[in-house]
Amino acid sequence: MTPVRVRFAPSPTGRLHIGGLRTALFNYLYAKTHKGTFVLRIEDTDQKRTVDGAVADIVRTLNAYGLVPDEGAYKPEELSLEHGSAGPYTQSKRRPMYQAAANTLLEQGSAYPCFCTAERLQQLRASQENQHLPPGYDGVCRALPTATAKQRMNQGEPHVIRFAMPKEGTITVEDLVRGKVQFARTTLEDSVLLKTDGYPTYHLANVVDDHAMKISHVIRAEEWLPSLPLHVQLYQAFGWEVPAFAHIPLILGPGRKKLSKRDGAMPAADYLKEYLPSAMINFIAFLGWNPKTEQEFYPSLETLVQDFNLSNIHKAGAIFDTEKLKHLNRLHMRALTPVALAHHAGLALSEAEAERYIPLAIDRATTLPEVAAAIHFLVADALTYDTATLIPNKGEAQATKNILQSLQAFWQTLENEWGNAETLKTATLAWIVKQELTNLNVLWPARVALTGQRHSPDVFDVAIALGKVRTVKRLEQGISKLKT
Numbered sequence: 285m286t287p288v289r290v291r292f293a294p295s296p297t298g299r300l301h302i303g304g305l306r307t308a309l310f311n312y313l314y315a316k317t318h319k320g321t322f323v324l325r326i327e328d329t330d331q332k333r334t335v336d337g338a339v340a341d342i343v344r345t346l347n348a349y350g351l352v353p354d355e356g357a358y359k360p361e362e363l364s365l366e367h368g369s370a371g372p373y374t375q376s377k378r379r380p381m382y383q384a385a386a387n388t389l390l391e392q393g394s395a396y397p398c399f400c401t402a403e404r405l406q407q408l409r410a411s412q413e414n415q416h417l418p419p420g421y422d423g424v425c426r427a428l429p430t431a432t433a434k435q436r437m438n439q440g441e442p443h444v445i446r447f448a449m450p451k452e453g454t455i456t457v458e459d460l461v462r463g464k465v466q467f468a469r470t471t472l473e474d475s476v477l478l479k480t481d482g483y484p485t486y487h488l489a490n491v492v493d494d495h496a497m498k499i500s501h502v503i504r505a506e507e508w509l510p511s512l513p514l515h516v517q518l519y520q521a522f523g524w525e526v527p528a529f530a531h532i533p534l535i536l537g538p539g540r541k542k543l544s545k546r547d548g549a550m551p552a553a554d555y556l557k558e559y560l561p562s563a564m565i566n567f568i569a570f571l572g573w574n575p576k577t578e579q580e581f582y583p584s585l586e587t588l589v590q591d592f593n594l595s596n597i598h599k600a601g602a603i604f605d606t607e608k609l610k611h612l613n614r615l616h617m618r619a620l621t622p623v624a625l626a627h628h629a630g631l632a633l634s635e636a637e638a639e640r641y642i643p644l645a646i647d648r649a650t651t652l653p654e655v656a657a658a659i660h661f662l663v664a665d666a667l668t669y670d671t672a673t674l675i676p677n678k679g680e681a682q683a684t685k686n687i688l689q690s691l692q693a694f695w696q697t698l699e700n701e702w703g704n705a706e707t708l709k710t711a712t713l714a715w716i717v718k719q720e721l722t723n724l725n726v727l728w729p730a731r732v733a734l735t736g737q738r739h740s741p742d743v744f745d746v747a748i749a750l751g752k753v754r755t756v757k758r759l760e761q762g763i764s765k766l767k768t
C-alpha cells in the first residue's frame with residue numbers, strides 16, 4: 285500500500301485564516317488516521333504578495349493548535365530549520381526544478397512560449413467581454429512555428445510558458461468528497477506555467493512539488509476545483525501518477541456567503557485569545573465533517589483522529605456558527621482542571637486560589653476573557669459599586685447597615701461552618717430565622733458587599749471562595765459605605 289503523505293501548502297500572503305487552519309486540520313487528521321506524514325510546504329512563488337512575518341505566523345499558529353508538521357519548517361524562531369528528506373519545503377528555493385519541468389514540457393510539445401504583451405491580453409479580454417464570450421487566452425502564440433518561437437526566446441524576448449491543453453475529450457476525476465467530476469477540454473484555456481520573472485505559477489509548482497514530495501492525497505478547499513483538470517492534465521503530460529484529490533467545502537457566514545470579517549472572521553491565532561485550542565479544533569472539524577453519530581464533544585486531536593474519515597466530509601458549505609463555538613468552548617472549559625483553565629485565561633492564581641475561584645466562573649463564562657471577568661470580584665483588593673445597590677427593594681440604609689453589622693458579627697463567631705458553602709448556608713439561614721429577618725434583607729446586601737454586583741454566584745459559594753477573613757473585610761467595606 286502506498287504510504288499516505290499529505291501536505292498543507294499555504295501562501296505567505298498574510299496571517300493564517302480560519303479556512304487555512306481547517307484545511308491543515310483535515311490534512312493532519314487524515315495523515316494521523318492512516319499513520320502517514322503531514323508536510324508543511326510554503327508556496328511563495330507570488331513574490332509581490334508575500335508578506336514579511338507571514339511564514340512565522342503560519343508555523344506559530346499551527347504549533348499553537350497542535351498541528352505540528354512531520355516535515356517542513358516547524359519552529360517559528362528558526363524558520364530555516366527544516367526536517368524531512370524532501371526539502372527544501374519553500375518553493376522559492378526550488379526554482380531550478382520548475383524551470384527543468386517547464387523545459388521538459390517544451391521539448392515534448394506539451395507547452396509553448398507566449399510572447400503576448402499585457403496590453404494585448406487586456407485588449408483580448410475587453411473584446412471577449414464586449415462579445416459576451418467566456419474569458420481566456422486565444423492561443424495565438426500556440427500557432428507559432430517551433431523554430432520561430434525558439435529564435436525569439438534565444439533573443440531574450442520577454443515571454444511566459446503556457447501549457448498546451450488538449451482540445452478534445454473530457455477529463456474525469458473521482459474526487460474523494462464530490463464523487464465523479466468531469467471537465468470538457470474545449471472549455472479549458474492554455475494556462476501560464478512559468479512567468480516572465482522565471483517564477484512558476486501555482487499550477488506548475490504545485491504539481492511538480494506534490495510529485496517530488498510523493499504526496500498521495502491532495503486535500504484542499506473547493507475553490508481549487510476549477511484548477512483540477514489542469515493539474516490532472518499536467519500529471520499525465522509528465523507521465524506521473526495522479527494523487528487522490530478531495531475538495532472540501534467552503535466555510536460560510538450566517539447568510540451562506542463566504543465567511544468575512546463582518547461575520548466575525550479573524551486570523552486563526554487571534555481566536556486563541558477567547559477560545560481554547562481544543563475547542564477551536566473541535567469546532568473547526570465540524571465545519572464540513574461529522575462522525576455520523578450524536579457525538580459533538582471531542583476533547584483532543586487524538587480523539588478526532590480515531591473517528592475521522594474523508595467519506596464523512598459533505599459537499600455543502602459549512603456555516604460558521606459563533607454560538608456553536610461558544611457552546612463547545614464551554615464544554616472544553618468544563619473539562620479542564622481549575623488550574624489549567626486559569627492558565628489558559630491568563631490568570632496568575634495559585635493552585636489553591638484556582639481551586640476556589642474558577643468553579644464560580646465556569647457557569648457564567650463561554651470565553652476565556654469571560655472567565656477572568658467572572659471572577660474579577662474575587663481577585664480585586666477592593667470593589668467599586670454604587671452604595672444604593674446595597675439596599676434591598678423597599679429597604680432603608682440604616683436598617684441595611686444594622687443587618688450587615690449583625691451578619692458580620694455572626695460570621696466572625698463561626699469556625700467549623702467555614703468548611704464549605706453548605707454548612708455556612710445552613711447556619712446562616714437558621715440565624716436569619718432566629719433574628720426574625722428575611723433572606724432578602726440579609727443576603728441581598730451581603731451579596732453586593734462581597735461581589736459588588738446585583739447578580740453573582742451564590743453568596744455562600746462566594747464567601748467560602750473569599751475565605752472568612754476577606755469576607756468579613758468586605759462586609760466592613762459595605763458597612764462603611766452606608767453612612768447614616
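In terms of our numbering, the sequence shown has 580 at position 296, counting the first letter as 1, and numbering is strictly consecutive.
Where is the CB? At the ideal position from N, CA and C, for every residue including glycine.
Since this is a predicted model, take the numbers as computed values, not measurements.
Of the other Cβ atoms in all chains shown, 16 or more fall within 10 Å of the Cβ of E355; this residue is therefore buried. Of the candidates A693, E458, Y559 and D474, the residue whose Cα lies closest to the Cα of A528 is E458. Excluding sequence positions up to five before and after R618, its CB lies within less than 8 Å of the CB of I646, all in the same chain and listed in chain order. The bridge partners DSSP lists for L478 are I445 and P484. A distance below 7 Å separates the beta carbons of A395 and A448. Comparing alpha-carbon positions, the option among F592, E607, L585 and A385 lying closest to Y519 turns out to be A385. Taking C-beta separations shorter than 7 Å and ignoring five residues to either side along the sequence, the partners of A747 in its chain run L708, L734 and T755, following chain order. For Y382, the uninterrupted alpha helix (DSSP H) run begins and ends at R379 to E391, by DSSP. When C-alpha distances from I445 are compared across V290, I763, R344 and R426, the shortest belongs to R426.
The region 603-613 makes no contact with the region 584-593: fewer than 3 CB pairs, one atom from each, lie closer than 8 Å. Here V743 is buried: its Cβ has 16 or more other Cβ atoms, across all protein chains shown, within 10 Å. For secondary structure counted as the alpha helix (DSSP H) over 4 or more consecutive residues, the region 313-384 holds these complete runs in sequence order: 338-348. Take the alpha-carbon of K542 and the one of L536: they are about 5 Å apart. Each residue's CA atom was taken as its position, placing E607 and R404 some 51 Å apart.
When secondary structure is reduced to three states using DSSP, Q466 falls in the strand class. Taking a contact as a CB-CB distance under 8 Å, the pair T651 and E506 does not count as one, their CB atoms being some 30 Å apart. The Cβ-Cβ distance between L305 and A552 falls below 7 Å. With respect to the C-alpha of H611, the residue from R648, M550 and N438 having the closest C-alpha is R648. Unbroken alpha helix (DSSP H) runs of no fewer than 4 residues, entirely contained in the region 555-617, are found at 561-569 and 585-591, following chain order.
Sequence-distant partners of G423 (beyond 5 residues in either direction) whose C-beta falls short of 7 Å from its own C-beta, in its chain, are D474.
Straight-line spacing of the CA atoms in A433 and C398 works out to 8 Å. By the C-beta criterion, the region 322-338 is judged to be in contact with the region 286-296, since at least 3 inter-stretch pairs fall below 8 Å. Annotation: A468 to A563 spans about 43 Å, alpha carbon to alpha carbon. Of all alpha-carbon atoms in P538, R299, E366 and T321, the one lying nearest the alpha-carbon of T345 is that of R299. Pairing I503 with F310 gives a Cβ-Cβ distance under 7 Å. For Y421, no alpha helix (DSSP H) encloses it, and the DSSP letter there is neither H nor E. In the same chain as L759, and ignoring 5 residues on each side of it, the C-beta atoms closer than 6 Å to its own belong to L688, Q692 and A733, in chain order. The alpha-carbon separation between P575 and F567 amounts to approximately 13 Å. In the DSSP assignment, I687 falls within the alpha helix (DSSP H) that extends over A681 to T697.
Measuring C-alpha to C-alpha distances from T480 to each of P429, E441, I597 and A730 identifies E441 as the nearest. Using a 10 angstroms sphere on the CB of D328, the tally of other CB atoms reaches 16 or more, which defines it as buried. Under the three-state reduction of DSSP output, I503 falls in the strand class. Taking a 10 Å sphere around the C-beta of T471, we find fewer than 16 other C-beta atoms and assign the residue as exposed. As DSSP reads the structure, K542 sits in a beta bridge with L536. For T432, the three-state secondary structure derived from DSSP is helix. Look at D459 here: in three-state DSSP terms it is strand.
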